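Encoded as structure tokens, the structure appears first; notes follow it.
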Amino acid sequence: MTENLKLSLTDTHAHLYLKEFSEDRAEVIGNAMAAGVDSFYLPNIDSTSIQDMLELEAAYPDRCHAMMGLHPCSVQANYEEELDLVKEWLAKRPFCAIGEIGIDLFWDKSTLAIQVDAFKRQIGWAKELGLPIIIHSRESTGLILDVLKDEKDERLRGILHCYTGTISQAETAWSLGFYLGIGGVVTFKNAGLDKIVEALPLDWMVLETDSPYLAPVPHRGKRNESAFVRLVAEKVSQVKSIDIQQVAEITTLNAKNIFEKKTLAYTTLS
Ligand code: NI
Numbered sequence: 244m245t246e247n248l249k250l251s252l253t254d255t256h257a258h259l260y261l262k263e264f265s266e267d268r269a270e271v272i273g274n275a276m277a278a279g280v281d282s283f284y285l286p287n288i289d290s291t292s293i294q295d296m297l298e299l300e301a302a303y304p305d306r307c308h309a310m311m312g313l314h315p316c317s318v319q320a321n322y323e324e325e326l327d328l329v330k331e332w333l334a335k336r337p338f339c340a341i342g343e344i345g346i347d348l349f350w351d352k353s354t355l356a357i358q359v360d361a362f363k364r365q366i367g368w369a370k371e372l373g374l375p376i377i378i379h380s381r382e383s384t385g386l387i388l389d390v391l392k393d394e395k396d397e398r399l400r401g402i403l404h405c406y407t408g409t410i411s412q413a414e415t416a417w418s419l420g421f422y423l424g425i426g427g428v429v430t431f432k433n434a435g436l437d438k439i440v441e442a443l444p445l446d447w448m449v450l451e452t453d454s455p456y457l458a459p460v461p462h463r464g465k466r467n468e469s470a471f472v473r474l475v476a477e478k479v480s481q482v483k484s485i486d487i488q489q490v491a492e493i494t495t496l497n498a499k500n501i502f503e504k505k506t507l508a509y510t511t512l513s
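Everything in the sequence shown is counted per the working numbering, starting at 244 for the first residue and increasing by one.
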């Protein structure tokens, strides 16, 4: 129905540099652009993903934007070394954000203390550099909000990627300077995210895929790709009974607001 409408959508969270795309990466990006997705924000994972991420950014310098950070699931015994590398990169060149960082209690609860330590240290660097943070939370929304309350100042801002909390948690997040990342989960039956999206202002939201994970219906369970941001936008427009054009305009503007202030790298991070 809206197939031919020209939109300008933004995928604020896509791991397009991963091996899942090594056979057809250019085609995946071409398909996304044909679907109206013209900007891609690439969250880092850990030391093993940096090179591939930066190569992708170099291939599409106007469209792909790299972040730097250590993913909570990669916070393991060697996390000090991993953080040193993040810090080294932050001093070397500009990035659009620090991410993805946060707390994940689904995969491993035993690393909670070091996850919180890594999260807080990276928040500190984001403040020093004037960068937004892109937060991964799984079974930890309350804990994340507690950390953000402690860390709150005028420099703190970013996105709660793949938002799955409650309406009241969303209100708290917004008051702390955070947008809600809305992805394929909004199309899942019984996930409840559609109710959250319906109840809250579009001004609080950005769209994302988390490619190659969390593909929206009707691709659920298969590889996700950035073209499917359009399916997320369609679902949001249905749920909120507004035009998809308006969904695209507002969420892309929100993404620009978050990411546009690029700061030069410092060499003096604490
Ligand atoms: Ni991610």
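Glycine included, C-beta positions come from ideal geometry on N, C-alpha and C. Please read all numbers here as calculations on a predicted model, not as lab measurements.
DSSP lists Y284 as the beta-bridge partner residues of H308. Assignment of V318 by DSSP, reduced to helix, strand and coil, places it in the coil class. In its chain, beyond the 5 residues on either side, T255, H256, I402, L403, H404, C405, Y406, V449 and E451 have a beta carbon closer than 7 Å to the beta carbon of G424. With respect to the C-alpha of A340, the residue from I346, F349, L348 and K330 having the closest C-alpha is K330. Between the region 480 to 492 and the region 452 to 462, the count of C-beta pairs closer than 8 Å stays below three; the two stretches do not touch. For E300, the distance from the CB to the nearest heavy atom of the ligand NI is not below 7 Å. Look at D453: its beta carbon is less than 7 Å from one of the heavy atoms in the ligand NI.
Here T384 carries a helix assignment [DSSP, helix/strand/coil]. When rounded, the separation of the alpha-carbon atoms in V359 and L248 is 44 Å. Taking the Cα of D351 as reference, the smallest distance to any Cα among K363, Q365, E323 and S317 is reached at S317.
It is roughly 25 Å from the alpha-carbon of N500 to the alpha-carbon of Y456. Out of C307, L372 and D327, the CA that lies nearest to the CA of P337 is found in L372. Exposed is the label assigned to K335, since fewer than 16 other Cβ atoms lie within 10 Å of its Cβ. Beta-bridge analysis with DSSP links G401 to I376 and F421. Of the candidates F502, I493, E468 and A470, the residue whose Cα lies closest to the Cα of S480 is I493.
Of the candidates Q294, I344 and T495, I344 places its Cα closest to the Cα of G367. With a threshold of 7 Å, the Cβ atom of P315 does not count as near the ligand NI, since no heavy atom of the ligand is closer than that.
Per DSSP, reduced to three states, the secondary structure at E451 is coil, with no helix or strand assignment. DSSP places T494 in no beta strand (DSSP E) but in the uninterrupted alpha helix (DSSP H) bounded by I487 to F502. Counted as a single uninterrupted DSSP element, the alpha helix (DSSP H) harbouring L297 occupies residues I293 to A302. When beta bridges are read from the DSSP output, T253 appears opposite S282. The beta carbon of S383 sits closer than 6 Å to those of I346 and L348, all from its chain and outside the five residues before and after it, given in chain order. Between the beta-carbon of L313 and that of Y303 there is about 24 Å, and that puts the pair past the 8 Å contact cut. L399 sits close to L419, with the two beta carbons spaced by under 8 Å. Y260 is positioned such that its CB atom lies no closer than 8 Å to that of D289. The beta carbon of T354 sits closer than 6 Å to those of V318, all from its chain and outside the five residues before and after it, given in chain order. Looking at the DSSP output, G345 bridges to H379.
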